[in-house]
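Chains A and B, in that order, give the protein sequences. Quick note: the first sequence uses our numbering, first residue 276, plus one each step. Quick note: the second sequence uses our numbering, first residue 276, plus one each step. We put the CB at the ideal spot given by N, CA and C, even for glycine. Treat the numbers as computed from the prediction; the structure is a model and nothing was measured.
2 protein chains.
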Amino acid sequence: MKDIYAELISVGDEILYGQTLDTNSYFISAELDKLGIRVKRKVTVADNQEAMMRAFKEAEDNADIIIITGGLGPTKDDLTKPLLAKYFDSGMKLHEDILEDLRKRFAKRGRELNELNKGQAELPEKCTPIENKYGTAPGMWFEKEGKVFISMPGVPKEMKYMMEDTVLPKFKEIFKTPVLIHKMVKTVGIPESILAERLEEWENNLPNEIKLAYLPGLNQVKMRLTASGEDEKYLQKLIDQEVDKLYEQVGKYIYGTDESNLASKIGELLNEKKLTLACAESCTGGYIAHLITSNSGSSEYYRGGINPYHNDLKINVLGVKKETIEQYGAVSEETVIEMAECVRELFGADIGISTSGIAGPTGATKDKPVGTTWVALADGKNTQTKLYHFQFDRQSNIEITSNSLLNLVRQTLSSK
Amino acid sequence: MKDIYAELISVGDEILYGQTLDTNSYFISAELDKLGIRVKRKVTVADNQEAMMRAFKEAEDNADIIIITGGLGPTKDDLTKPLLAKYFDSGMKLHEDILEDLRKRFAKRGRELNELNKGQAELPEKCTPIENKYGTAPGMWFEKEGKVFISMPGVPKEMKYMMEDTVLPKFKEIFKTPVLIHKMVKTVGIPESILAERLEEWENNLPNEIKLAYLPGLNQVKMRLTASGEDEKYLQKLIDQEVDKLYEQVGKYIYGTDESNLASKIGELLNEKKLTLACAESCTGGYIAHLITSNSGSSEYYRGGINPYHNDLKINVLGVKKETIEQYGAVSEETVIEMAECVRELFGADIGISTSGIAGPTGATKDKPVGTTWVALADGKNTQTKLYHFQFDRQSNIEITSNSLLNLVRQTLSSK
């Protein structure tokens, strides 16, 4: 079985000028990947004859499947259709059925077709039209010496419909593709370089069928394993074996795989142990609560949270002692301990967590520079604390504090 | 003045496989556009020697500026640095100052450099390093016959820092580009199609120097005006005139321009009127608090918030009447009214706001489908409420509820 390669061409000035984020090629990549078709390259070009013709030629030389999005509107700056006709040396043909369909759809909205719209029913003779349920420009399917060219509109909803309704089912029929299996292994609390060092020998001994990629983020590193070959069962076994080895070697940093996130993992652990959580956030200002409640079903284990931004609320609503804050300040170990213990009690949760820090850019003092952050976790028996010195901007300080505290919750629950 | 062209190269299997959305090239495009540098093409290639070397060559033939992101990590699958050294036929050089800086940064976190990290201080002789404040891989700046090659990490935060701190300022110095003035006008609460219809005549009469782009989001539409030419003063005047016209025609939907966000606008209004805010969030689970506290200085006007996820906390901590929840349910007008009034009182704020809804995908009842959402605003005299029926996924329902309630706060404060 030979590998099937695709190249994606996005057409449009708006993408090149940074006015539109190209989510089309992201969607198409992921869908092709599921079928085992490898996207070899993506190119974005301007609405410009020379650039587009060159992109068609390069893609044809490079891939088996060429998917073009954009440039299919009814106006003059939309060049994809005339240029594909030129590229395939094809005359144009009016599709009466498409015209009739357009006429009906316009009539429904009480409108008549104008010349521009009528033109959309004219397509290169050498293509098969692809139905566009949500718009007026049909897609086009060309075949040439075993290679397939697909052209679809740039409007995401129209493109998605065509992919799901026509393109992907036809690809499944035509192409025999290798089996691809992906596994994402997600770690927290270990930097990429240390992780890679610890795993060097394992990586060097990976079976030839498996490729590895590191995808780093804020205090998190994801590892993507991809197995490719012909025998799905065998590949799945290979992947499972390697994931087992990863758990053996760096298991304490792994919080989950594939779709799971750190907060959902904590949810699983809490459910498993029938425990509940509440949080008192100062510097993270609601972000931890947001991460937790972004997961459906979080009401099972999340009691609620409070972000008493002002000290009087830490005292009067949450119950921190006035003297503690006066003596040690809001950003102190003593204060986060009381915050975690108080929220645990006030909210009737098994575990209370808290944050207090200087997210910046203002608020620093001589002893406490921006990024100074205390967090605490109270479980009714012990209260743990951690002190961090982050050096990011406000938003990232908030994120990494949240990730770090959630990781502490994970570690604590895992060892219970 | 000749046009300056750029080509962007994103390196990474994870983009081609549809696992990572390429927001880097979107950001870079927009930033270059502001400088009047035209992005001619974007290419995404695999972590693969042949594909990368070909991309370098094509880009060099095609553009004046070549910007490469990704492939700079310390691990084996990161090829950008060795391949650029090969492309420029350059030996490697250890930068002692970078090594020393890495060592210090590691020491601060109580860690030692390993071999992989040390390798990051080694760069091709022919490049100038670009400082990476947020990560361990320096960027690289090459020049060759008037063309500039830039290589930066794929981690968005690190790339952005390098762009803003080094790359863009240097481009401004080196390249003489036309004067470009951008103004972003931000609206909330009006759909793009209606906004465009209202502004049709205005848009048709825009001066030739000004280009308009609509950038729609969740309940928000941004309009970007771009003036280009040679006379900065004249262009600024043109832009100001058109922005004035926008305020005349759709001013009540405009919440700000350029860097402002909806929550920071509310902060301004609260400061102006010397008022404070507190929020009680059920379905938005901390997200509104997060939006508010993401703005530095929010402690001036934000008292704090609570997200009593469970009904007993709405009753026992926040003070909603038990009978109200029993009779009308948590997702009801009666409950959000009490939540807003209670949080206002409990947190000692001038204005209290609240949310309760079914974010989904679970939790729907016969009368209350997913997306049913109540919000309230209490100012001590009146309590306003709004009912929405959103039809998005969980995350988007949370976002649009937050935006809608913040817009209600904005409207209320603006009319005070």
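Practice item. Within 10 angstroms of the Cβ of residue 395(B), are there 16 or more other Cβ atoms? Answer buried if so, exposed if not. Key: Within the second sequence, numbered from 1, the residue matching residue 395(B) stands at position 120. Residue 395(B) is buried by the Cβ-count criterion.
Practice item. With DSSP collapsed to three states, give me the class of residue 313(B). Key: Here residue 313(B) corresponds to residue number 38 of the second sequence, with the count starting at 1. Residue 313(B): strand per DSSP, three-state reduction.
Check your understanding: Is there contact between the region 427-435 of chain A and the region 460-467 of chain A, where contact requires at least three CB pairs shorter than 8 Å?
Key -> no
Review point. Residue 554(B) lies in the beta strand (DSSP E); which residues open and close that run?
Key: Position 279 of the second sequence holds residue 554(B). Its beta strand (DSSP E) spans residues 552-556.
Exercise for review: May I ask which residues mark the beginning and end of the beta strand (DSSP E) holding residue 455(A)?
Suggested key: Here residue 455(A) refers to the residue found at position 180 when the first sequence is read from its first residue. Run containing residue 455(A): 454-463, per the beta strand (DSSP E) assignment.
**Study point:** Close-in-space but distant-in-sequence residues of the same chain around residue 388(B) (CB under 7 Å, 5 per side omitted)
**Key:** Locating residue 388(B) in the second sequence gives position 113, where the first residue counts as 1. Closer than 7 Å at the Cβ level, and outside the excluded window around residue 388(B), lie 377, 378, 381.
Check your understanding: Counting along the chain, where does the alpha helix (DSSP H) carrying residue 386(B) start and finish?
Key -> Residue numbering aside, residue 386(B) sits at position 111 when the second sequence is read from its first letter. Premise fails: residue 386(B) is in no alpha helix (DSSP H) and is neither H nor E.
Point to revise | Cβ separation of residue 564(A) and residue 618(A), assumed to be a contact under 8 Å, to the nearest whole Å | key: Mapped onto the first sequence, residue 564(A) falls at position 289. Mapped onto the first sequence, residue 618(A) falls at position 343. Actually they do not touch by this definition, with Cβ atoms about 11 Å apart.
Practice item. Ignore the nearest five residues each way along the sequence and tell me which others in residue 596(B)'s own chain have a CB closer than 8 Å to its CB. Key: Within the second sequence, the letter at position 321 stands for residue 596(B). Cβ within range, chain order: 590, 613.
Exercise for review: Compute the Euclidean distance between the alpha carbons of residue 414(A) and residue 443(A), then round it to the nearest angstrom.
Suggested key: Against the first sequence, residue 414(A) aligns to sequence position 139. Against the first sequence, residue 443(A) aligns to sequence position 168. Taking the straight line from one Cα to the other gives about 14 Å.
Check your understanding: Who are the neighbours of residue 467(A) on chain B, taking C-beta pairs under 9 Å?
Key -> In the first sequence, the residue the question calls residue 467(A) occupies position 192. Ordered by position in chain B, the residues that pass the 9 Å Cβ test against residue 467(A) are 348, 349, 350, 391, 411.
Check your understanding: By the criterion of Cβ-Cβ separation under 7 Å, what are the contact partners of residue 588(B) in chain A?
Key -> To locate residue 588(B), count along the second sequence from 1; it is residue 313. Near residue 588(B) (Cβ distances below 7 Å), the residues of chain A are 578, 579, 622.
Exercise for review: Measure the C-alpha to C-alpha separation of residue 633(A) and residue 547(B) and round it to an integer number of angstroms.
Suggested key: Position 358 of the first sequence, counted from the start, is the residue given in the question as residue 633(A). Position 272 of the second sequence, counted from the start, is the residue given in the question as residue 547(B). In a straight line, the C-alpha of residue 633(A) is about 25 Å away from that of residue 547(B).
Practice item. Just the C-alpha distance for residue 383(A) and residue 513(A), rounded to the nearest angstrom, thanks. Key: Along the first sequence, one-based indexing puts residue 383(A) at 108. Along the first sequence, one-based indexing puts residue 513(A) at 238. Rounded to whole angstroms, residue 383(A) to residue 513(A) spans 56 Å at the Cα level.
Practice item. Establish whether the CB of residue 627(A) and some CB of chain B are separated by less than 8 Å. Key: The sequence position of residue 627(A) within the first sequence is 352, counting from 1. Closer than 8 Å: no.
Review point. Taking the alpha helix (DSSP H) that residue 357(B) falls in, what are its first and last residues?
Key: In the second sequence, counting from the first residue as 1, residue 357(B) sits at position 82. Here the alpha helix (DSSP H) through residue 357(B) covers 355-362.
Check your understanding: Whose Cβ in chain B lies nearer than 8 Å to the Cβ of residue 291(A)?
Key -> The residue labelled residue 291(A) in the question sits at position 16 within the first sequence. Those within 8 Å of residue 291(A) in chain B are 304, 313, 314, 315, 316, 317.
Practice item. Answer with yes or no whether the minimum CB distance from residue 324(B) to chain A is below 8 Å. Key: By 1-based counting over the second sequence, the position of residue 324(B) is 49. No - not a single Cβ of chain A is within 8 Å of the one on residue 324(B).
**Study point:** Of the residues 615(A), 624(A), 586(A), the one placed nearest residue 601(A), counting alpha carbons only
**Key:** Here residue 601(A) is taken as the residue at index 326 of the first sequence, counted from 1. It is 586(A) whose Cα lies nearest to the Cα of residue 601(A).
Review point. Should residue 343(B) be labelled buried (16 or more other beta-carbon atoms within 10 Å of its own) or exposed?
Key: Residue numbering aside, residue 343(B) sits at position 68 when the second sequence is read from its first letter. With 16 or more other Cβ atoms within 10 Å, it is buried.
Practice item. Could you tell me which residues DSSP puts in a beta bridge with residue 531(A)? Key: If you number the first sequence from 1, residue 531(A) lands on position 256. Looking at the DSSP assignment, residue 531(A) forms a beta bridge with 461(A).
Practice item. Could you check the C-alpha separation between residue 592(A) and residue 568(A) for me, to the nearest Å? Key: Here residue 592(A) corresponds to residue number 317 of the first sequence, with the count starting at 1. Here residue 568(A) corresponds to residue number 293 of the first sequence, with the count starting at 1. Near 22 Å, if we compare the C-alpha coordinates of residue 568(A) and residue 592(A).
Check your understanding: Is there a Cβ from chain A that is less than 8 Å from the Cβ of residue 569(B)?
Key -> For this step, residue 569(B) is matched to residue 294 along the second sequence. Output row for residue 569(B): interface = yes.
Review point. Is the region 528-548 of chain B touching the region 533-551 of chain A, taking contact as three or more C-beta pairs under 8 Å?
Key: no
Point to revise | Collapsed DSSP secondary structure at residue 481(A) in the structure displayed | key: Translated into the one-based positions of the first sequence, residue 481(A) becomes position 206. Note: residue 481(A) maps to coil in three-state DSSP.
Check your understanding: Helix, strand or coil for residue 306(B) per DSSP?
Key -> By 1-based counting over the second sequence, the position of residue 306(B) is 31. Residue 306(B): helix per DSSP, three-state reduction.
**Study point:** residue 425(B), DSSP secondary structure in three states
**Key:** Taking the second sequence and counting its residues from 1, the one referred to as residue 425(B) is at position 150. Strand at residue 425(B).
Check your understanding: residue 516(A) to residue 347(B), Cα distance in whole Å?
Key -> Position 241 of the first sequence holds residue 516(A). Position 72 of the second sequence holds residue 347(B). C-alpha separation (whole angstroms): 29 Å.
Point to revise | residue 743(A) - partner residues in DSSP beta bridges | key: Because chain A here runs from 276 to 691, residue 743(A) falls outside it and cannot be looked at.
Review point. Taking residue 439(B) as the reference, which of 467(B), 305(B), 683(B) has the closest Cα?
Key: Counted from its first residue, the second sequence places residue 439(B) at position 164. Among 467(B), 305(B), 683(B), the Cα nearest to that of residue 439(B) belongs to 305(B).
Check your understanding: Interface residues of chain B around residue 487(A) at Cβ under 8 Å?
Key -> Residue mapping note: residue 487(A) aligns to position 212 of the first sequence, counting from 1. Here the neighbours are 352.
Check your understanding: When the Cα of residue 687(A) is compared with those of 316(A), 329(A), 540(A), 288(A), which residue comes out closest?
Key -> As a working mapping, residue 687(A) is identified with position 412 in the first sequence. For the residues 316(A), 329(A), 540(A), 288(A), the minimum Cα distance to residue 687(A) belongs to 540(A).
Practice item. Consider the C-beta atom of residue 670(A) and the heavy atoms of the ligand SAH; say whether any pair is separated by less than 7 Å. Key: Ligands are entirely absent from the displayed structure, and the ligand SAH is therefore not among its contents.
Practice item. Note down the Cα distance separating residue 485(B) from residue 511(B), rounded to an integer number of angstroms. Key: To locate residue 485(B), count along the second sequence from 1; it is residue 210. To locate residue 511(B), count along the second sequence from 1; it is residue 236. Whole-angstrom Cα-Cα distance: 11 Å.
Review point. Can you tell me whether DSSP reads residue 419(A) as helix, strand or coil?
Key: Here the question's residue 419(A) lines up with position 144 in the first sequence. The answer is strand: DSSP assigns residue 419(A) an E or B state.
Review point. Between residue 236(A) and residue 579(B), what straight-line distance do the alpha-carbon atoms span, to the nearest angstrom?
Key: Nothing about residue 236(A) can be read from this structure; chain A reaches only from 276 to 691.
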